[in-house]
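Residue numbers (UniProt numbering): 1 to 110. Cβ coordinates follow ideal geometry from the N, Cα and C atoms, glycine included.
Shown next as structure tokens:
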């Protein structure tokens, strides 16, 4: 290891004493690179899983907000329509009783 670097120093004329490390460390370098690549893969996988969870929560939150806004709009529209219709027909019936009857709560049939 570092043989090429040491030869480069010698070719450039740098006063350098050649050091022999005695063994080839290529296997160690490959092992370190494999460990780093495995760690990066695991981090990427964990990040992907976390982003998927966050995306799912964001979708649920979006659906909840849109659903709530839609129901709020629908409720206000029904109140307006019902009040307008009842004032035209001179009908005085409680709006909450009629809504509860529509959905099957406390419905009394004559």
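Point to revise | Option in 64, 2 and 45 with minimal Cα separation from residue 29 | key: For the purposes of this step, residue 29 is taken as the residue at position 29 of the chain shown. The candidate whose alpha carbon is nearest that of residue 29 is 2.
Practice item. Whole angstroms is fine: what's the gap from residue 27's alpha carbon to residue 47's? Key: Here residue 27 refers to the residue found at position 27 when the chain shown is read from its first residue. Here residue 47 refers to the residue found at position 47 when the chain shown is read from its first residue. Looking at the two C-alpha atoms, the distance is approximately 30 Å.
Point to revise | residue 14, DSSP secondary structure in three states | key: Residue mapping note: residue 14 aligns to position 14 of the chain shown, counting from 1. If DSSP states are grouped into helix, strand and coil, residue 14 belongs with coil.
Point to revise | Under the three-state DSSP convention, the category residue 19 falls into | key: In the chain shown, residue 19 corresponds to position 19, counting from 1. In this structure, residue 19 counts as coil in the three-state DSSP scheme.
Check your understanding: Does DSSP put residue 25 in a helix, in a strand, or in coil?
Key -> Mapped onto the chain shown, residue 25 falls at position 25. Residue 25: coil per DSSP, three-state reduction.
Review point. Is residue 41 helix, strand or coil by DSSP?
Key: On the chain shown, residue 41 is found 41 positions in, with the first residue counted as 1. Reduced to three states, the DSSP call for residue 41 is helix.
Review point. Cα separation between residue 65 and residue 58?
Key: Numbered from 1 along the chain shown, position 65 holds the residue referred to as residue 65. Numbered from 1 along the chain shown, position 58 holds the residue referred to as residue 58. Distance between the alpha carbons of residue 65 and residue 58: 10 Å.
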